[in-house]
Amino acid sequence: MIRITQSMQIARTLLDQNLNLQRMNDYSNDMSSRTNLHRPSDDPLRVARAMRLMTELRVNETYKQDLQAAHSWTSKTDVTLNTLSDIIKRVRELTVQAASGEKTQEDKQKIMQEIKQLKKAATELANDDYMGRYQFSGYKTNKKFVNEDGSYNQDLDLAGLKYEKINYNIGVGQKTDINFTGVEVFGNEHFTTKTRAKKAVPFTDEPQSVLGAKMNVKLQKYKKSDAYYEKNKTNLNTPSGAADEDKKNNEIEEKYEKETKLGVKDGGEIDLGEVSFYGSYKKGDVNAIVEDLNKSLRAQIAKKAKEMYPSDPDKEEKFRKELEQSVQFVNDDGKISMVTDRDYAGKIQAGKLTLKEIQKTKETSVQPSINKNTELGVTSGPLNYSGNTVRAHFNFDMELTEYNKDSNGDIINTSPKTPKIELKNISLSKEYDKTGKSDEEVAKLIAADLQTQINAQLMKHGLPEDTVRVTVDPATKQPRLAVNREYGVKLTNTTGATNITAASPATQTYTPNVNSASNPVTKETDFNVTTPTAGADSLVNFDFNLKLTQYHRYGQSGGDVLISNPGVNPATPPTPGTPGHLAFSDPNYPPQPFDLGKISLVKKYSGKNDDGSNKNPDDILREIAKDLQETISEKAASHKPPLDASKIKVEVKNGKIMLMTDGNMKMEITNTAGTLTQTKFDDTMKTPVPDGKNSMDIDIPAPNPMPPGTISPLERSKYDTHVYMNLKMNVQRYKKDENGNATTNKILPNIEINDLTINKTYKREKPDGSGTYTDDEIQKQIADDIKAKIEEKLSQINPPLDKKMINISYDSATKKVKVSVNQDVSVTVETDNNKPSSINSDVEYMPDKAVYEEPTREKMPFFEMMDRLMKFMDEGNSKGLSRMLDVIDYHAKNTQKIQGIGGGRTNMYNLMMERTEDIKLNYSELLSDTRDTDYNETSMKMMVAQYVYRASLSVTAKIIQPSLVDFLR
Numbered sequence: 017m018i019r020i021t022q023s024m025q026i027a028r029t030l031l032d033q034n035l036n037l038q039r040m041n042d043y044s045n046d047m048s049s050r051t052n053l054h055r056p057s058d059d060p061l062r063v064a065r066a067m068r069l070m071t072e073l074r075v076n077e078t079y080k081q082d083l084q085a086a087h088s089w090t091s092k093t094d095v096t097l098n099t100l101s102d103i104i105k106r107v108r109e110l111t112v113q114a115a116s117g118e119k120t121q122e123d124k125q126k127i128m129q130e131i132k133q134l135k136k137a138a139t140e141l142a143n144d145d146y147m148g149r150y151q152f153s154g155y156k157t158n159k160k161f162v163n164e165d166g167s168y169n170q171d172l173d174l175a176g177l178k179y180e181k182i183n184y185n186i187g188v189g190q191k192t193d194i195n196f197t198g199v200e201v202f203g204n205e206h207f208t209t210k211t212r213a214k215k216a217v218p219f220t221d222e223p224q225s226v227l228g229a230k231m232n233v234k235l236q237k238y239k240k241s242d243a244y245y246e247k248n249k250t251n252l253n254t255p256s257g258a259a260d261e262d263k264k265n266n267e268i269e270e271k272y273e274k275e276t277k278l279g280v281k282d283g284g285e286i287d288l289g290e291v292s293f294y295g296s297y298k299k300g301d302v303n304a305i306v307e308d309l310n311k312s313l314r315a316q317i318a319k320k321a322k323e324m325y326p327s328d329p330d331k332e333e334k335f336r337k338e339l340e341q342s343v344q345f346v347n348d349d350g351k352i353s354m355v356t357d358r359d360y361a362g363k364i365q366a367g368k369l370t371l372k373e374i375q376k377t378k379e380t381s382v383q384p385s386i387n388k389n390t391e392l393g394v395t396s397g398p399l400n401y402s403g404n405t406v407r408a409h410f411n412f413d414m415e416l417t418e419y420n421k422d423s424n425g426d427i428i429n430t431s432p433k434t435p436k437i438e439l440k441n442i443s444l445s446k447e448y449d450k451t452g453k454s455d456e457e458v459a460k461l462i463a464a465d466l467q468t469q470i471n472a473q474l475m476k477h478g479l480p481e482d483t484v485r486v487t488v489d490p491a492t493k494q495p496r497l498a499v500n501r502e503y504g505v506k507l508t509n510t511t512g513a514t515n516i517t518a519a520s521p522a523t524q525t526y527t528p529n530v531n532s533a534s535n536p537v538t539k540e541t542d543f544n545v546t547t548p549t550a551g552a553d554s555l556v557n558f559d560f561n562l563k564l565t566q567y568h569r570y571g572q573s574g575g576d577v578l579i580s581n582p583g584v585n586p587a588t589p590p591t592p593g594t595p596g597h598l599a600f601s602d603p604n605y606p607p608q609p610f611d612l613g614k615i616s617l618v619k620k621y622s623g624k625n626d627d628g629s630n631k632n633p634d635d636i637l638r639e640i641a642k643d644l645q646e647t648i649s650e651k652a653a654s655h656k657p658p659l660d661a662s663k664i665k666v667e668v669k670n671g672k673i674m675l676m677t678d679g680n681m682k683m684e685i686t687n688t689a690g691t692l693t694q695t696k697f698d699d700t701m702k703t704p705v706p707d708g709k710n711s712m713d714i715d716i717p718a719p720n721p722m723p724p725g726t727i728s729p730l731e732r733s734k735y736d737t738h739v740y741m742n743l744k745m746n747v748q749r750y751k752k753d754e755n756g757n758a759t760t761n762k763i764l765p766n767i768e769i770n771d772l773t774i775n776k777t778y779k780r781e782k783p784d785g786s787g788t789y790t791d792d793e794i795q796k797q798i799a800d801d802i803k804a805k806i807e808e809k810l811s812q813i814n815p816p817l818d819k820k821m822i823n824i825s826y827d828s829a830t831k832k833v834k835v836s837v838n839q840d841v842s843v844t845v846e847t848d849n850n851k852p853s854s855i856n857s858d859v860e861y862m863p864d865k866a867v868y869e870e871p872t873r874e875k876m877p878f879f880e881m882m883d884r885l886m887k888f889m890d891e892g893n894s895k896g897l898s899r900m901l902d903v904i905d906y907h908a909k910n911t912q913k914i915q916g917i918g919g920g921r922t923n924m925y926n927l928m929m930e931r932t933e934d935i936k937l938n939y940s941e942l943l944s945d946t947r948d949t950d951y952n953e954t955s956m957k958m959m960v961a962q963y964v965y966r967a968s969l970s971v972t973a974k975i976i977q978p979s980l981v982d983f984l985r
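In my numbering, the protein residues as written are 17 to 985.
#1: Identify whether S944 lies in helix, strand or coil by the three-state DSSP scheme.
#2: Assess, as a yes-or-no matter, whether the segment 747-760 is touched by the segment 398-412 under the definition of 3 or more beta carbon pairs within less than 8 Å.
#3: Just verifying my parser: in three-state terms, what is the DSSP assignment at Q81?
#4: Which residues in the same chain have their Cβ closer than 7 Å to the Cβ of A216, if we skip the five residues on either side of it in sequence?
#5: Residues in the same chain with beta-carbon distance under 8 Å from I636, minus the five sequence neighbours each way, listed in chain order, please.
#6: For the alpha helix (DSSP H) that contains N471, what are its first and last residues?
#7: Which residue's Cα is closest to the Cα of E941: D330, S48, R65, I26?
#8: Pick out whichever of K299, M324, K651, G295 has its Cα sitting closest to the Cα of S312.
#9: Exposed or buried, D905, counting other C-beta atoms within 10 Å across all chains shown (16 or more means buried)?
#10: Could you round the C-beta distance between L598 and P528 to whole angstroms and report it? I think they count as a contact, below 8 Å.
#11: Is it true that the CB of M889 sits closer than 9 Å to the CB of Q133?
#12: Given this structure, state the Cα-to-Cα distance separating A986 from L73, to the nearest angstrom.
#13: Using a threshold of 9 Å, state whether the C-beta atoms of G504 and L416 are closer than that.
#14: To the nearest angstrom, report how far apart E140 and Q236 are at their CA atoms.
#15: H738 and L474 look like a contact to me (Cβ under 8 Å); what is the Cβ gap, rounded to whole Å?
#16: By a C-beta neighbour count over all protein chains shown, 10 Å radius and 16 as the cutoff for buried, is Q795 buried or exposed?
#17: I'd like to check one pair, M681 with Q566: are the Cβ atoms closer than 9 Å?
#18: When the Cα atoms are used, what is the spatial distance from T356 to G300?
#19: Quick one: what does DSSP say I904 is sitting in, helix, strand or coil?
#20: Look at K191 and T932 and say whether their C-beta atoms are less than 9 Å apart.
#21: Whole angstroms are fine: how far does the CA of N500 sit from the CA of Y401?
#22: Using the Cα positions of L5 and R62, report the straight-line distance between them to the nearest angstrom.
#23: With DSSP run on the structure shown, which of helix, strand or coil describes L278?
#24: Mind the definition here: the segment 832-842 touches the segment 783-793 only if three or more C-beta pairs lie below 8 Å; say whether that holds.
#25: Three or more beta-carbon pairs under 8 Å between the segment 905-915 and the segment 301-310, yes or no?
#26: Any idea if R28 is buried or exposed, counting beta-carbon neighbours within 10 angstroms, 16 or more meaning buried?
#27: Three or more C-beta pairs under 8 Å: does that hold for the segment 683-703 against the segment 813-829?
#28: Suppose the cutoff is 7 Å on Cβ atoms and the five residues either side in sequence are ignored; what does the same chain contact list for A318 look like?
#29: Any chance the segment 108-125 sits against the segment 138-155, with 3 or more Cβ pairs inside 8 Å?
#30: Could you check the C-alpha separation between F485 and A464 for me, to the nearest Å?
#31: Determine, using beta carbons only, whether E874 and N204 come nearer to each other than 9 Å.
#32: Whole-angstrom Cβ separation of P871 and L177, contact assumed at under 8 Å?
#33: On the three-state DSSP scale, how would you describe F729?
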């Protein structure tokens with residue numbers, strides 16, 4: 017049986033109350049935040065579902081916005097087409113009236129004026145815009161479709177205008193064309209043929225596809241029969257001749273107003289040569305390919321125009337513009353087509369792109385052999401680590417010789433630069449406390465201070481700090497100088513450049529006299545120092561032991577004031593105990609010793625002020641005295657018991673450094689024979705040794721060979737070279753030791769470079785048209801691109817590799833790219849020979865038609881129809897007006913057809929917008945059910961929790977109260 021104690025009951029009750037309070041807090045948070053999902057851990061499944069629903073709602077809102085924009089565009093177009101339809105109806109009514117024969121010529125003139133106004137209105141409709149974007153101009157929505165006279169704007173790509181469809185995304189995988197082009201609505205004023213591709217462009221599943229193709233394009237111009245340009249003017253003098261003329265003219269005009277084919281060639285065939293494209297394209301981006309094809313086509317047209325009219329710029333320009341307006345490539349519903357307008361038909365022979373590849377097996381640089389930096393070691397005066405202090409003294413000049421470098425950054429050992437770089441007066445004079453430090457730790461401190469002095473000199477000359485490194489020999493603990501291997505170095509150890517000041521006082525002892533009358537207030541000790549030279553640096557070397565003994569005086573509590581004793585004869589021996597006398601050998605007043613130990617100072621003092629003026633000797637002495645005072649005062653303060661710093665002072669008097677002590681003090685100066693030895697480095701002249709380099713070659717494809725003889729500019733494009741390569745590079749770097757030398761046993765992480773891709777067409781013809789590039793020149797261009805691509809990728813390495821570590825150059829003798837690798841780096845170069853599958857695809861996706869089709873004339877364009885109607889009315893030609901009714905009916909039906917297509921799109925957009933609203937409502941409801949708080953349910957739970965909490969308080973009181981009463985008893 018388990019025993020239930022009073023404390024267990026209380027603890028369980030309090031726990032239940034806290035849990036109930038937590039539930040009440042959760043309910044309160046749910047109601048205030050309006051959701052019961054605050055973090056993923058609350059309910060992972062519901063949180064994931066809520067996130068999916070919110071994503072769907074956002075996507076649905078995007079589609080809704082696109083649908084609204086598409087609906088607005090098509091609605092605006094529908095209004096325009098309705099107005100155009102009304103204009104066509106009115107034109108037909110007027111034409112029927114004029115052709116009936118009941119109207120007089122004056123009436124026809126009035127009708128002609130109304131038609132003229134109707135044409136003007138139609139012109140404004142053709143240039144109608146939606147939010148500043150012209151509706152009928154295809155992609156160029158910033159340009160008007162027609163000019164004021166009704167002629168088409170030649171700045172538009174009229175040949176392929178009707179293929180320029182503006183697409184909107186209105187659903188998952190659903191796109192819609194929202195625009196109609198002007199040539200669809202108002203008719204094409206040109207003759208038109210189209211050569212369409214057999215297959216869609218073979219994009220890969222990757223985000224980018226490498227694609228390329230070429231074709232030979234030829235054009236044939238056709239002409240209208242003479243009857244189109246000149247009416248029959250024979251037999252005009254007889255009635256029968258006039259009747260025949262009218263009959264023939266009517267036949268010509270009737271034929272002209274209907275669809276017809278032209279079969280008469282106008283001149284010879286125009287060979288535009290090879291048109292091609294090649295590059296990396298985003299998946300499905302047919303427009304980018306079409307743009308590149310048109311660029312190539314226009315370039316060929318320009319060459320052809322220059323070839324045909326070499327000495328007539330006006331005719332050359334006219335011919336060029338005519339062809340550019342008559343032929344172009346278009347995106348024909350995802351396929352590439354070539355359309356020819358005006359009087360031209362096209363013939364295409366497609367062929368595979370001749371692709372030159374860089375075929376290369378794996379190449380690896382050999383294991384590096386390290387060429388170390390120049391090292392200068394200690395030749396004399398090594399640092400002495402015995403004892404508690406290490407005294408360091410360096411003074412040297414360094415001369416660095418920089419050598420000329422080639423384009424790759426490698427030194428040319430036979431060509432030193434001038435002037436040489438002089439690092440003057442590098443010095444360090446300092447004493448280091450060795451207490452608690454190892455020899456190596458002290459050596460590193462000395463090396464760091466010396467490095468600071470050298471860095472200051474390097475900075476003056478703009479050299480990096482790692483040009484000269486100060487390191488420590490791990491065996492001897494002596495410093496070394498490591499000089500960058502690119503520099504020659506000459507070091508000169510100097511001694512005369514510094515005024516050495518002898519800096520140790522003579523060994524001496526001063527004991528005060530017991531007789532107060534014989535004791536001076538202070539005792540001065542002269543330090544035997546060399547007087548500094550004005551303007552010269554001074555090296556100070558103090559090294560002595562200092563011991564002080566303080567005596568008490570009779571009758572004085574402090575014992576630090578000299579008091580005369582009147583009535584006592586100074587000539588007589590002092591009477592012990594007499595006030596004012598020192599208490600020598602009196603056990604009742606023992607002296608206080610102060611052993612300050614070793615006092616040392618090793619320092620170099622500049623002989624120049626900050627402004628460059630010379631310091632006088634006393635100024636230098638005062639600086640020395642100040643530092644010596646600080647050293648002694650520090651020792652006095654750290655002594656136990658401490659010594660008052662005022663008892664001993666260092667001052668400058670009469671050109672000398674004086675040590676002044678209280679007259680009550682006994683002073684002992686010993687061990688003054690300290691030495692300061694200059695540490696000297698190797699002063700042998702050192703010259704750099706050029707680094708050897710390991711090399712590997714990358715093959716360059718041979719250009720497409722040109723046949724012997726003169727090649728016309730139009731033919732030169734056939735011999736362009738298309739190059740594809742994909743290199744992979746692995747760079748292996750090595751860590752450097754403290755001397756700056758690479759270590760082959762310490763490897764840094766590999767650097768992988770995988771996107772060294774050259775995907776380019778190299779033109780045979782020079783840009784200025786002055787001739788052709790030679791094979792060597794084209795290979796040099798390829799090599800330069802490979803070099804630039806590799807260097808670009810290497811520069812992106814963090815930290816970037818120095819240019820001279822990996823040199824890329826072109827060897828004109830072997831026609832190869834040479835990769836020269838510094839000995840400190842290992843590099844692997846591998847060519848990826850997996851050419852993209854799209855490059856190898858069959859060229860059936862390009863237009864291919866080996867014969868011409870005669871251009872087909874569409875029905876007369878709208879604005880030409882209006883002009884012709886006005887002409888017939890002006891002439892009073894009722895028969896011509898009657899024939900024009902067929903043309904008017906054609907445009908009426910065409911407008912109705914386009915209105916039907918646009919209306920269908922508008923209805924579809926309405927339905928889809930309603931669908932998006934339904935999706936929004938449904939998903940919002942699901943999201944609310946998943947995420948939002950049910951207020952009724954939560955408030956009910958809150959009330960129940962409150963009742964439970966109040967009840968638990970009552971029960972808890974009944975449990976705790978008896979226990980409290982028992983406790984008080």
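Where is the CB? At the ideal position from N, CA and C, for every residue including glycine. Given the structure is predicted, the values throughout are model-derived calculations rather than measurements.
In terms of the structure at hand:
#1: In this structure, S944 counts as helix in the three-state DSSP scheme.
#2: No: fewer than three Cβ pairs fall under 8 Å.
#3: Three-state DSSP puts Q81 in a helix.
#4: Contacts found: G350, K351, Y861.
#5: Excluding residues within five positions, the ones whose Cβ falls inside 8 Å are P548, S554, Y621, G623.
#6: From DSSP, the alpha helix (DSSP H) with N471 extends over 455-476.
#7: Between E941 and the set D330, S48, R65, I26, the nearest pair of CA atoms involves R65.
#8: Nearest C-alpha to S312: G295.
#9: Looking at its Cβ environment, which holds fewer than 16 other Cβ atoms inside 10 Å, D905 is exposed.
#10: Approximately 6 Å separates the beta-carbon atoms of L598 and P528; this is inside 8 Å, confirming the contact.
#11: No, these two residues do not count as a Cβ contact at 9 Å.
#12: Residue coverage of the chain in this structure runs from 17 to 985, which leaves residue 986 outside it and unanswerable.
#13: Taking 9 Å as the Cβ cut-off, G504 and L416 qualify as a contacting pair.
#14: Straight-line Cα distance between these residues: approximately 36 Å.
#15: In fact, because the Cβ distance is near 51 Å, the residues do not count as touching under 8 Å.
#16: So Q795 ends up on the buried side.
#17: It is a contact, given that the beta carbons lie within the stated cut-off.
#18: Straight-line Cα distance between these residues: approximately 25 Å.
#19: Helix at I904.
#20: In this structure, T932 does not lie closer than 9 Å to K191 by Cβ.
#21: Near 29 Å, if we compare the C-alpha coordinates of N500 and Y401.
#22: Absent from the model: residue 5. The displayed extent of the chain is 17 to 985, so no value can be given.
#23: If DSSP states are grouped into helix, strand and coil, L278 belongs with coil.
#24: With the cut-off at 8 Å, the segment 832-842 and the segment 783-793 do not touch.
#25: The segment 905-915, when compared against the segment 301-310, does not touch it at the 8 Å Cβ threshold.
#26: Taking every protein chain shown into account, the CB of R28 has fewer than 16 other CB atoms within 10 angstroms, so this residue is exposed.
#27: No, because fewer than three Cβ pairs between the segment 683-703 and the segment 813-829 fall closer than 8 Å, the two stretches do not touch.
#28: Counting only Cβ-Cβ distances below 7 Å, and skipping sequence neighbours, we find R336.
#29: Two segments are said to touch when three or more pairs of C-beta atoms, one from each, lie closer than 8 Å; by this definition the segment 108-125 does not touch the segment 138-155.
#30: For the record, residue 485 in the displayed sequence is Arg; it is not Phe. Approximately 10 Å between the Cα atoms of the pair.
#31: Yes, they are a contact pair.
#32: 17 Å between Cβ atoms; not a contact.
#33: Contrary to the premise, residue 729 reads as Pro rather than Phe in this sequence. Taken through DSSP and simplified to helix, strand or coil, P729 comes out as coil.
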